[in-house]
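**Q** Residue numbers (my numbering), protein chains in the order written: chain C, 103 to 262; chain U, 33 to 314.
All residues carry an ideal CB built from backbone N, CA and C; glycine is no exception.
Following this message is one structure expressed as structure tokens.
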Amino acid sequence: MQKARGVGVIYLSLLLALILTVTPMPAMVQLFRPDWVLLVLLYWVLALPYRANIGMAFVLGFLVDVLVGTVLGVNALAFSVVTFVVASNYLKIRNFSILQQALLIGLLLAFYHLMIFWLSHFLTGVYFLPDYLWPVLTGTLAWPWIFWLLRRVRRQFKIS
Amino acid sequence: MNPIFERGPSLRLRLFIAVLCSVGLMVMDRYTDSSTQIRSYLTTAVSPLFYIASLPQVVLTGASEQFLSHQRLLKENDRLKESLLRQRGQLQRLEFLQQENNKLRELLGSAPVAEGQRLVAEVLAVYSHPFSHQIVLNKGSNDGVTEFQPLIDDAGVLGQVVSVGPTSSRALLITDTTHAISLRIERTGVSVIAEGLGQWDRIRLVHLPHSTDIQDGDRLITSGLDERFPEGYPVARVNRIQRDVSQPFMQVQAEPYAQLDRIRYVLLLWPQVELDEQEHDH
Numbered sequence: 103m104q105k106a107r108g109v110g111v112i113y114l115s116l117l118l119a120l121i122l123t124v125t126p127m128p129a130m131v132q133l134f135r136p137d138w139v140l141l142v143l144l145y146w147v148l149a150l151p152y153r154a155n156i157g158m159a160f161v162l163g164f165l166v167d168v169l170v171g172t173v174l175g176v177n178a179l180a181f182s183v184v185t186f187v188v189a190s191n192y193l194k195i196r197n198f199s200i201l202q203q204a205l206l207i208g209l210l211l212a213f214y215h216l217m218i219f220w221l222s223h224f225l226t227g228v229y230f231l232p233d234y235l236w237p238v239l240t241g242t243l244a245w246p247w248i249f250w251l252l253r254r255v256r257r258q259f260k261i262s
Numbered sequence: 033m034n035p036i037f038e039r040g041p042s043l044r045l046r047l048f049i050a051v052l053c054s055v056g057l058m059v060m061d062r063y064t065d066s067s068t069q070i071r072s073y074l075t076t077a078v079s080p081l082f083y084i085a086s087l088p089q090v091v092l093t094g095a096s097e098q099f100l101s102h103q104r105l106l107k108e109n110d111r112l113k114e115s116l117l118r119q120r121g122q123l124q125r126l127e128f129l130q131q132e133n134n135k136l137r138e139l140l141g142s143a144p145v146a147e148g149q150r151l152v153a154e155v156l157a158v159y160s161h162p163f164s165h166q167i168v169l170n171k172g173s174n175d176g177v178t179e180f181q182p183l184i185d186d187a188g189v190l191g192q193v194v195s196v197g198p199t200s201s202r203a204l205l206i207t208d209t210t211h212a213i214s215l216r217i218e219r220t221g222v223s224v225i226a227e228g229l230g231q232w233d234r235i236r237l238v239h240l241p242h243s244t245d246i247q248d249g250d251r252l253i254t255s256g257l258d259e260r261f262p263e264g265y266p267v268a269r270v271n272r273i274q275r276d277v278s279q280p281f282m283q284v285q286a287e288p289y290a291q292l293d294r295i296r297y298v299l300l301l302w303p304q305v306e307l308d309e310q311e312h313d314h
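Pasting the structure below:
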């Protein structure tokens, strides 16, 4: 039983991220909303790859689809692919400095948003606006803080 | 030790399964009809999250209402009474005009139109993704809401209902990229079609020839030709016209009257009843 300690905290943090995703905000601020769920998920994938994995990414992506109203499966696919990239290189990424990590996360976020856009363009014919990429920047800036916060949480509750 | 490969299938296999499931979901959601029902169940299932997420806002507005001064409340009350009086007055004239209009229609031999029913609904949630402009309403099939019902607010048309659950329903806004609406330029009577662009403050008029008479500031109202939106409701104001002759059509954009990014309450409309259907046919 010792292995599955603190899984509840992981779920709680993801639930909070989901709530942050749909918290009503003025339209101006909404444009800059970081992808909380993906960031929190990527932290757990990096820290505990045997707890958070592609299955969890798929379920969370599906929930985000339901919450934000994109075509079902779009976010599920993008979450799974990004998680695959991180999970297959987690040992390398862990050894990066926090700045390098943030930049890498930025790249992955850009990849994620382009993937969402391509799929949505193919499915519903949306047009691209450079504004859609703001969350990449805010997400990159938010990563060090999320990393620091969640690492404290992980150590505090001795999640493993 | 590499615990990730110890249990369960390999990463690649998991990714493969996830991709397969996602593609299946996308196809089901986009190309079959079963998804509206599933969507409404899912929306109902996650609605607690929406309630929790909007809690800070509810608390804040509640608190600010608490601390409104007595003076301001009285002032606001006066203002509301005055506007109610003014609108009652206009309504009296409207009723008279409607009667007159129906009489004239009778003389012309076309069917008189009766006022449809209305229902006020509250917005539970706003989908915040740029690729989907939708809102969730707190009224569903129990209240008689049906699919494709138009909704408006005090300023103009907002959109239409796309899926209905028992206690909630989902509506597509006119600015969604998958939404189109048939309009008429009030000044000239020219019919146009407007598409959403995925931006809160603009819609685009499509397939307008360069010779069309259209000006900055023209009011666009519903034409009723799409048989979903009743005729004559204000929708948007033309605010950008580009006449580029190298393009096949004029590039025109309009700004919706309704502030779609801050909707709280909406009015659901039932279609106006044609009192005499067969008269209309020939």
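1) Nearest to L209 of chain C by CA position, among C:I121, C:W236, C:T226, C:L231, is which residue?
2) Could you name the residues of chain U that L179 of chain C contacts, counting a contact when the two beta carbons are closer than 9 Å?
3) Which residue marks the beginning of the alpha helix (DSSP H) containing N109 of chain U, and which one marks its end?
4) Tell me whether P232 of chain C sits in a helix, a strand or coil according to DSSP, three-state version.
5) What does the alpha-carbon distance come out to for the pair T207 of chain U and S96 of chain U?
6) Tell me which residues share the same chain as L133 of chain C and place their Cβ nearer than 7 Å to its Cβ, disregarding the 5 neighbours each side in the sequence.
7) Whole angstroms is fine: what's the gap from I213 of chain U's alpha carbon to D185 of chain U's?
8) Counting only beta-carbon separations shorter than 9 Å, does Y265 of chain U have a partner in chain C?
9) Could you tell me if V90 of chain U is buried or exposed, where buried requires 16 or more neighbouring beta carbons within 10 angstroms of its beta carbon?
10) I want to verify the contact list: residues of chain C whose CB lies under 7 Å from the CB of I84 of chain U, in sequence order.
11) Buried or exposed for E108 of chain U, going by 16 or more other Cβ atoms inside 10 Å?
12) Considering only residues of the same chain and omitting the five flanking positions on each side of R256 of chain C, which have a CB-CB separation below 7 Å?
13) Does the beta carbon of L114 of chain C sit closer than 9 Å to a beta carbon anywhere in chain U?
14) In whole angstroms, what separates the C-alpha of S262 of chain C from that of S66 of chain U?
15) So what's P151 of chain C in DSSP terms, helix, strand or just coil?
16) Residues in the same chain with beta-carbon distance under 8 Å from L225 of chain C, minus the five sequence neighbours each way, listed in chain order, please.
17) Sorted by chain position, which residues of the same chain lie with C-beta nearer than 7 Å to L169 of chain C's C-beta, five sequence neighbours on each side aside?
18) Output the distance between the C-alpha atoms of F219 of chain C and M58 of chain U, rounded to the nearest integer angstrom.
19) Sort C:P151, C:P126, C:L140, C:F213 by Cα distance to V166 of chain C and report the nearest one.
20) Listed in chain order, which residues of the stretch 149-164 of chain C have Cβ atoms closer than 8 Å to some Cβ of chain U?
21) Round the Cβ separation of L211 of chain C and V238 of chain C to the nearest angstrom and send it over; I've been treating them as touching at under 8 Å.
22) Consider the Cβ of P198 of chain U: report whether some Cβ of chain C lies at a distance smaller than 9 Å.
23) Answer yes or no: does any C-beta atom of chain C fall closer than 9 Å to that of A212 of chain U?
24) Output the boundary residues of the alpha helix (DSSP H) element that contains H215 of chain C.
25) Pull up the DSSP beta-bridge partners for A226 of chain U, would you.
26) Just how far apart, CA to CA, sit F281 of chain U and Q274 of chain U?
27) Apply the 10 Å Cβ neighbour rule to E218 of chain U and answer buried if 16 or more other Cβ atoms are within range, or exposed otherwise.
28) Which one or two residues does DSSP pair with G191 of chain U in a beta bridge?
29) Could you round the C-beta distance between A189 of chain C and P151 of chain C to whole angstroms and report it? I think they count as a contact, below 8 Å.
30) What did DSSP end up calling Q291 of chain U once you bin it into helix, strand or coil?
31) Should A212 of chain C be flagged as near chain U, meaning a C-beta pair shorter than 9 Å?
32) From R269 of chain U to Q131 of chain U, what distance separates their C-alpha atoms?
33) Can you check whether the C-beta of Y289 of chain U is within less than 9 Å of a C-beta belonging to chain C?
34) For L47 of chain U, return the contacting residues in chain C, with the cut-off set at a CB-CB distance below 8 Å.
35) Rounding to the nearest angstrom, what Cα-Cα distance links Q192 of chain U and L301 of chain U in this structure?
36) What is the rounded straight-line gap between the Cα of L205 of chain U and the Cα of I253 of chain U?
**A** Straight from the coordinates:
1) The residue you call residue 209 of chain C lines up with position 107 of the first sequence. It is C:W236 whose Cα lies nearest to the Cα of L209 of chain C.
2) For the purposes of this step, residue 179 of chain C is taken as the residue at position 77 of the first sequence. Per Cβ cutoff of 9 Å: A50, V51, C53, S54, V55, L57, M58.
3) For this step, residue 109 of chain U is matched to residue 77 along the second sequence. Residues 102-140.
4) Counted from its first residue, the first sequence places residue 232 of chain C at position 130. Three-state result, P232 of chain C: helix.
5) To locate residue 207 of chain U, count along the second sequence from 1; it is residue 175. To locate residue 96 of chain U, count along the second sequence from 1; it is residue 64. Rounded to whole angstroms, T207 of chain U to S96 of chain U spans 31 Å at the Cα level.
6) In the first sequence, the residue the question calls residue 133 of chain C occupies position 31. Around L133 of chain C: D233, W236.
7) As a first step, residue 213 of chain U is located in the second sequence; it is residue number 181 there, counting from the start. As a first step, residue 185 of chain U is located in the second sequence; it is residue number 153 there, counting from the start. Spanning the two alpha carbons is a distance of roughly 17 Å.
8) Numbered from its first residue, the second sequence carries residue 265 of chain U at position 233. Nearest CB-CB separation between Y265 of chain U and chain C: not below the 9 Å threshold.
9) If you number the second sequence from 1, residue 90 of chain U lands on position 58. The residue in question, V90 of chain U, is exposed, as its Cβ has fewer than 16 Cβ neighbours within 10 Å.
10) The residue you call residue 84 of chain U lines up with position 52 of the second sequence. I121, listed in chain order.
11) In the second sequence, the residue the question calls residue 108 of chain U occupies position 76. The residue is exposed, with fewer than 16 neighbouring Cβ atoms inside 10 Å.
12) As a working note, residue 256 of chain C is residue 154 in the first sequence. Once the five neighbours on either side are set aside, the close Cβ partners of R256 of chain C are A149.
13) Stepping through the first sequence from its first residue, residue 114 of chain C is reached at position 12. No, no contact with chain U.
14) In the first sequence, counting from the first residue as 1, residue 262 of chain C sits at position 160. In the second sequence, counting from the first residue as 1, residue 66 of chain U sits at position 34. Approximately 41 Å, taken between the alpha carbons.
15) What you label residue 151 of chain C is simply residue 49 of the first sequence in a count that begins at 1. In the structure shown, P151 of chain C adopts coil according to DSSP, grouped into three states.
16) One-based indexing of the first sequence puts residue 225 of chain C at position 123. Excluding positions up to five away in sequence, the list reads V173, V176.
17) The residue you call residue 169 of chain C lines up with position 67 of the first sequence. Excluding sequence neighbours, L169 of chain C sits near L120, T123, V124.
18) Sequence index remark: in the first sequence, residue 219 of chain C carries index 117 (1-based). Sequence index remark: in the second sequence, residue 58 of chain U carries index 26 (1-based). F219 of chain C and M58 of chain U: Cα-Cα distance of roughly 14 Å.
19) On the first sequence, position 64 is the one that residue 166 of chain C refers to. When only C-alpha atoms are compared, the closest one is C:L140.
20) P151, Y152, N155, I156, G157, A159, F160, G163, F164
21) By one-based count along the first sequence, residue 211 of chain C stands at place 109. By one-based count along the first sequence, residue 238 of chain C stands at place 136. Confirmed, Cβ separation roughly 4 Å.
22) Here residue 198 of chain U refers to the residue found at position 166 when the second sequence is read from its first residue. Not an interface residue.
23) Sequence index remark: in the second sequence, residue 212 of chain U carries index 180 (1-based). Not one chain C Cβ lies under 9 Å of A212 of chain U.
24) Taking the first sequence and counting its residues from 1, one reaches residue 215 of chain C at position 113. From DSSP, the alpha helix (DSSP H) with H215 of chain C extends over 200-226.
25) Stepping through the second sequence from its first residue, residue 226 of chain U is reached at position 194. Partner(s): U:I213, U:L237.
26) Here residue 281 of chain U is taken as the residue at index 249 of the second sequence, counted from 1. Here residue 274 of chain U is taken as the residue at index 242 of the second sequence, counted from 1. In a straight line, the C-alpha of F281 of chain U is about 10 Å away from that of Q274 of chain U.
27) For the purposes of this step, residue 218 of chain U is taken as the residue at position 186 of the second sequence. E218 of chain U should be labelled exposed.
28) To locate residue 191 of chain U, count along the second sequence from 1; it is residue 159. Note: G191 of chain U sits in a beta bridge opposite U:L183, U:L205.
29) The sequence position of residue 189 of chain C within the first sequence is 87, counting from 1. The sequence position of residue 151 of chain C within the first sequence is 49, counting from 1. Sure, about 5 Å apart at Cβ, within 8 Å.
30) Stepping through the second sequence from its first residue, residue 291 of chain U is reached at position 259. Correct three-state label for Q291 of chain U: coil.
31) The sequence position of residue 212 of chain C within the first sequence is 110, counting from 1. No, because no Cβ of chain U sits closer than 9 Å to the Cβ of A212 of chain C.
32) Here residue 269 of chain U refers to the residue found at position 237 of the second sequence. Here residue 131 of chain U refers to the residue found at position 99 of the second sequence. Whole-angstrom Cα-Cα distance: 29 Å.
33) For the purposes of this step, residue 289 of chain U is taken as residue 257 along the second sequence, with counting starting at 1. Using beta-carbon distances, Y289 of chain U does not count as an interface residue toward chain C, since no partner is under 9 Å.
34) Position 15 of the second sequence, counted from the first residue, corresponds to residue 47 of chain U. The CB of L47 of chain U comes closer than 8 Å to the CB of I156, S182, V183, F186 in chain C, given here in chain order.
35) The residue labelled residue 192 of chain U in the question sits at position 160 within the second sequence. The residue labelled residue 301 of chain U in the question sits at position 269 within the second sequence. Spanning the two alpha carbons is a distance of roughly 10 Å.
36) Residue numbering aside, residue 205 of chain U sits at position 173 when the second sequence is read from its first letter. Residue numbering aside, residue 253 of chain U sits at position 221 when the second sequence is read from its first letter. Rounded to the nearest angstrom, the two C-alpha atoms are 16 Å apart.
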